[in-house]
Structures are given as structure tokens and as C-alpha cells.
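Asks: Once you know that position 78 of the sequence shown is 452 in our numbering, the rest is easy, because the numbers rise by one and skip nothing.
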Amino acid sequence: MQGVVGCDGVVRDNSGEWLEGYGRGLGDCSIIIAGLWEVLEGMRLAWRLGFRHELISDSLSVVKRLGSEECVIPEDISHR
375 MQGVVGCDGV VRDNSGEWLE GYGRGLGDCS IIIAGLWEVL EGMRLAWRLG
425 FRHELISDSL SVVKRLGSEE CVIPEDISHR
């Protein structure tokens with residue numbers, strides 16, 4: 375499935391309180407690419423805020439892809 379999409383997310387503390395959020399327009403791409411972007415942007419923000427230990431995603435297909443031994447990040451995400 376393709377279409378004009380975006381990604382967004384939040385970083386919360388250990389009490390569940392909102393610390394900071396992000397959003398990004400991605401243009402025309404697949405849902406899996408959008409999910410990968412969401413994880414990447416979330417990791418960048420969390421790292422900038424000093425968090426190093428946990429990432430939660432609601433996309434099972436993205437989590438499975440990142441956890442597989444054959445994980446290949448598509449060119450779509452590596453060149454933006």
C-alpha cells in the first residue's frame with residue numbers, strides 16, 4: 375500500500391508523562407517505510423534527550439523487520 379504519509383511520536387518518562395514529541399511529513403511511501411521512519415525519528419529524539427534503553431512501537435511488522443536476522447533497511451529510508 376502506497377500513499378502520502380507522515381510519522382509522529384512522543385517520548386515519555388518512566389511515569390508516562392509527555393516530554394517531547396515529533397512529526398514529519400514523508401510524502402509518497404509505503405506504510406512499512408513510514409513505520410521505519412517513525413522508529414528512526416523516535417530513536418533520534420530519545421537519544422538527544424539522553425534515553426538509551428527502551429523503544430516502544432505499535433507496528434508489529436516494523437518490530438519484526440528490525441528484529442530479523444535478514445533486516446535490510448530499504449533505500450527509501452537510508453537516503454532521506
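Note that beta-carbon positions come from the ideal geometry of N, C-alpha and C, so glycine has one too.
What you are looking at is a predicted structure, and each value in this text was computed from that prediction instead of being measured.
How would you call Gly413, buried or exposed, if buried means at least 16 neighbouring beta carbons within 10 angstroms?
Replies: For the purposes of this step, residue 413 is identified with residue 39 of the sequence shown, where counting begins at 1. Note that residue 413 corresponds to Val in the displayed sequence, not to Gly. Looking at its Cβ environment, which holds 16 or more other Cβ atoms inside 10 Å, Val413 is buried.
Asks: State buried or exposed for Val378, treating a residue as buried only when at least 16 other CB atoms are found within 10 Å of its CB.
Replies: Position 4 of the sequence shown, counted from the first residue, corresponds to residue 378. That one is exposed.
Asks: Taking 6 Å as the limit between beta carbons, can you name the residues of its chain near Gly416, skipping five residues before and five after?
Replies: Here residue 416 corresponds to residue number 42 of the sequence shown, with the count starting at 1. Gly383.
Asks: With Leu410 as the anchor, note down where its alpha helix (DSSP H) starts and where it stops.
Replies: In the sequence shown, the residue the question calls residue 410 occupies position 36. Segment 405-422, the alpha helix (DSSP H) holding Leu410.
Asks: Express the C-alpha separation of Val385 and Trp421 in angstroms, rounding to a whole number.
Replies: The residue labelled residue 421 in the question sits at position 47 within the sequence shown. The residue labelled residue 385 in the question sits at position 11 within the sequence shown. Answer to the nearest angstrom: the Cα atoms are 10 Å apart.
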